[in-house]
Amino acid sequence: MNSFTLDQVNNFVLKKNHLTNESKTDNILQIVEDLCGLHATGTLEPYIQLFIRSNKFEKQDLDRELYENKSLGRIRGMRKTLFIEVKEMIPIVYNAVKYLTDNLEKRYLEYRNVSIEEYERLSKEILFLLNQNEMSTSQIKKALNSQKDISAILSIMCDRMEVIRGRPLKSWKDRRLLYAPFKNYFPNMNLEDYSENQAIELLIHRYIKTYGPCTENDIVWWIGITKNKVKKAINSLTNKIKKIQIEGLNHIFYINNMDINELKNISLEYEDHVNLLPILDPYLMGYKNRERYINPTYYDYIFDRSGNATSTILLNGRIIGVWDILENPYHNVKLLLFDFVEKKILEKIKKEAKRIGRFIIGYDVQIAECEKMLPLSKRTAGGFMTPLKD
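Using our numbering, you'd call the opening residue of the sequence shown number 171 and step up by one each time.
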């Protein structure tokens, strides 16, 4: 079994994640495909995920692909969370994870005080409205003059691919979305192209291509399905993947066959890679076993109790600190470094912080260095979104 060093693997994965200077690209569809989707639970994060992996990304680039070209779609994906996927991946992701939500729909509706009969009636009325115009939740509720939980009904309609989440009501930072019939966005898409087993196998193979070297536990965590289903898919992929080891880590890792030679030949003579990742970035959220890129001492400063990753600073693929942005009353980007770094590295970090700050706020920002933070494990839910707030 081949064995590789941490430096080899980290540089290799950074490159596949478009996080090295030479791997950045302005082809955002390629980035989305190569990452197996963008995490889209938050409003801003998909834009930032693309910005840090591109040279000339503008916010309208993503909007154009989502709402005009309709080459991307925001759907319920892995771990029942929202992802932006390329059009070709939507049926695969849908069938691989559909059972995760199927069994919860009835209980969810009961919890929201909506009967099955009410859901069936109101969902038809909603589709009729949306066939005329895209509408927001509040606009639909007003048009129906209903006291029922329209938000809950829309959520299930999205899970069933009856409707799709469209553009924000106002700016790119607006959490309120318009909704449209799914068939209006993807009229020729057949969601029944894949069985569950086919979809899981295709999705796992795509995941290993992107995130490998990875462990079986990583795959289970990332998709959110059972270990038995993952094992079955891995057994079906034995002619396409290989097992390897990483020096110093006590796991068996999987990698795509075609990547072995590239990993062997990866250059370790490079300029230091500095990256500032947004919350829930795929580079961090793609794994359950995180020793490759994190010092266990700082784990609770990076992940909360639910496994959500905060905004982090990377040096050559390993986390060395946390960053945050404060829009009001000051235009500040805050930095917290866990250990001392050389002056030239600090300057790179500050330069990247200013670049991201201007992208998010629209103005030049000041840099503020912090000395401490409360661990996320001691914060309330959602604390990972503003790690340096206090």
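Don't be surprised by glycine CBs; every beta carbon is placed ideally from N, CA and C.
- For Ser-406, same chain residues with a beta-carbon under 8 Å away, outside a window of 5 residues either side, are Glu-371 in chain order.
- For Trp-493, the enclosing beta strand (DSSP E) starts and ends at 488-496.
- In the structure shown, Tyr-377 falls within a helical segment according to DSSP collapsed to helix, strand and coil.
- In the three-state DSSP reduction, Lys-542 falls in the coil class, being neither helix nor strand.
- The continuous alpha helix (DSSP H) containing Asn-265 extends over residues 260-272.
- Looking at the DSSP output, Phe-352 sits in no beta bridge, so it has no partner there.
- As computed with DSSP, Ala-210 is found in no beta bridge at all.
- The beta carbon of Gly-336 is closer than 7 Å to those of Tyr-237, Glu-304, Leu-347, Leu-348, Tyr-349, Ala-350 in its chain, skipping five residues each way along the sequence.
- Gln-219 counts as buried, since no fewer than 16 other beta carbons sit within 10 angstroms of its beta carbon.
- Taking a contact to require three or more Cβ pairs closer than 8 Å, the region 441-451 and the region 171-190 qualify as touching.
- Apart from sequence neighbours up to five positions away, the residues of its chain that approach Ser-316 with a beta-carbon distance below 7 Å are Leu-292, ordered along the chain.
- Here Met-248 is buried, its C-beta having at least 16 other C-beta atoms within 10 Å.
- Contact between the region 495-502 and the region 407-427 is not established, with fewer than three Cβ pairs separated by less than 8 Å.
- Linking Ile-472 to Leu-324 through their CA atoms gives a straight-line distance of about 33 Å.
- Scanning its chain for C-beta atoms nearer than 8 Å, with the 5 sequence neighbours on each side dropped, one finds around Lys-542 the residues Leu-506, in chain order.
- In this structure the region 245-261 does not touch the region 279-287; the number of beta carbon pairs closer than 8 Å is below three.
- Assignment of beta-bridge partners to Gln-415 by DSSP yields Ser-173.
- Of the candidates Leu-252, Asn-265, Leu-199, the residue whose Cα lies closest to the Cα of Arg-234 is Leu-199.
- At the C-beta level, Leu-419 and Arg-376 stay beyond 9 Å of one another.
- In the structure shown, Ala-551 falls within a coil segment according to DSSP collapsed to helix, strand and coil.
- Burial is judged here by how many other beta carbons sit within 10 angstroms of a residue's own beta carbon; Thr-396 has fewer than 16 and is exposed.
- Val-492 and Leu-544 have their C-alpha atoms roughly 12 Å apart.
- Remark: C-beta atoms of Phe-508 and Ile-489 approach each other more closely than 9 Å.
- Rounded to whole angstroms, the separation of the alpha carbons of Asp-451 and Glu-439 is 26 Å.
- Here Gly-336 is not bridged, per DSSP, to any residue.
- The C-beta separation of Asn-187 from Tyr-533 comes to about 29 Å, leaving the pair out of contact by the 8 Å criterion.
- Closest in alpha carbon position to Ala-403, among Ser-437, Asn-435, Glu-366, is Glu-366.
- For Lys-194, the three-state secondary structure derived from DSSP is coil.
- CA-CA distance, Gln-368 to Ile-389, rounds to 16 Å.
- About 5 Å separates the beta carbons of Asn-387 and Lys-458, which is inside the 8 Å limit, making them a contact pair.
- Straight through space, the alpha carbons of Lys-434 and Glu-275 are spaced by roughly 47 Å.
- Residue environment for Tyr-217: buried (at least 16 other C-beta atoms within 10 angstroms of its C-beta).
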